[in-house]
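In this note's numbering, the protein residues as written are 18 to 214.
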């Protein structure tokens, strides 16, 4: 049994090594004075991290006024935003560090929407939508690696105001941040938008 578990772990590590959410963009990170949700760290077990994050998210939103459009997409976005500033970690999906697909995977999983763990596999889910019709909760997919002509990065749309699209994602240099699709780097690397919800 232990042998099979070790084989499964090795295969998982190899699959993570073959895919990545890398970005070659240089980014300046600005610290803001906005408050962040802090989740107590109990151990490195993803289930405990997720449980604590979900519990904290639910408690925080019990006392807030319900939005007119209280959809699952906005809940997923709010959940993802609490990871702002978390460092990049290849294959990570916890507050200890996360990559782009880990952020999206965990944000959707917290609301019982199960996606593949890798960005290129996520790009096969849902329905393709035009940028003009992109809305909050949609996913943006990018090709950021020159050596491979494949989807290598994903971000979650948090706003689309008159075509000015902002998305949250995790980059190798800055961790979990919000970017604009209008930035040259992201605009040039953009491949497609997809709607999961």
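We treat Cβ as the ideally placed atom computed from N, Cα and C, and that holds for glycine.
Please classify residue i: is it buried, with 16 or more other beta-carbons within 10 angstroms of its beta-carbon, or exposed?
{"i": "residue 88", "result": "exposed"}
{"i": "residue 181", "result": "exposed"}
{"i": "residue 215", "result": "Limits of the chain in this structure are 18 at one end and 214 at the other, which puts residue 215 out of reach."}
{"i": "residue 178", "result": "exposed"}
{"i": "residue 43", "result": "Any reading at residue 43 must be qualified, since the residue scores a pLDDT of 41, below 50, and its modelled position is unreliable; the value itself is stated next. The residue in question, residue 43, is exposed, as its Cβ has fewer than 16 Cβ neighbours within 10 Å."}
{"i": "residue 123", "result": "buried"}
{"i": "residue 84", "result": "Model confidence at residue 84 stands at a pLDDT of 42, short of 50, so the residue's coordinates are unreliable; what they give is reported in the following sentence. It counts as exposed."}
{"i": "residue 199", "result": "exposed"}
Measuring from the CB of residue i, is there a heavy atom of the ligand ZN at a distance below 7 angstroms?
{"i": "residue 126", "result": "This structure simply doesn't include the ligand ZN, nor any ligand for that matter."}
Spatial neighbours of residue i within its chain, please: CB distance less than 8 angstroms, with the 5 preceding and 5 following residues excluded, ordered by chain position.
{"i": "residue 101", "result": "53, 185, 193, 194, 195"}
{"i": "residue 130", "result": "89, 93, 213, 214"}
{"i": "residue 175", "result": "94, 97, 98, 153, 183, 184, 185, 195"}
{"i": "residue 160", "result": "166, 167, 168, 169, 170, 206, 208"}
Helix, strand or coil for residue i, going by three-state DSSP, please let me know.
{"i": "residue 200", "result": "coil"}
{"i": "residue 92", "result": "helix"}
{"i": "residue 59", "result": "Any reading at residue 59 needs caution, since the residue's pLDDT is 40, under 50, leaving its predicted position unreliable; the model's value is listed next. If DSSP states are grouped into helix, strand and coil, residue 59 belongs with coil."}
{"i": "residue 101", "result": "coil"}
{"i": "residue 205", "result": "helix"}
{"i": "residue 120", "result": "helix"}
{"i": "residue 107", "result": "coil"}
Considering only residues of the same chain and omitting the five flanking positions on each side of residue i, which have a CB-CB separation below 6 angstroms?
{"i": "residue 158", "result": "140, 168, 171, 208, 209"}
{"i": "residue 197", "result": "183"}
{"i": "residue 119", "result": "109, 110"}
{"i": "residue 133", "result": "139"}
{"i": "residue 150", "result": "none"}
Go through its chain and collect everything with a Cβ distance to residue i's Cβ below 7 angstroms, but skip five positions before and after it.
{"i": "residue 104", "result": "114, 192"}
{"i": "residue 146", "result": "155, 210, 211, 212"}
{"i": "residue 106", "result": "113, 114, 115, 116"}
Three-pair Cβ contact test at 8 angstroms for the segment 134-142 versus the segment 177-194: no
Touch test, the segment 96-104 against the segment 130-139, Cβ-Cβ under 8 angstroms, three pairs minimum: Verdict: no, contact absent.
Whole runs of the alpha helix (DSSP H) within the segment 127-153, excluding any shorter than 4 residues: Taking only runs of at least 4 residues, the alpha helix (DSSP H) segments lying wholly in the segment 127-153 are 136-139.
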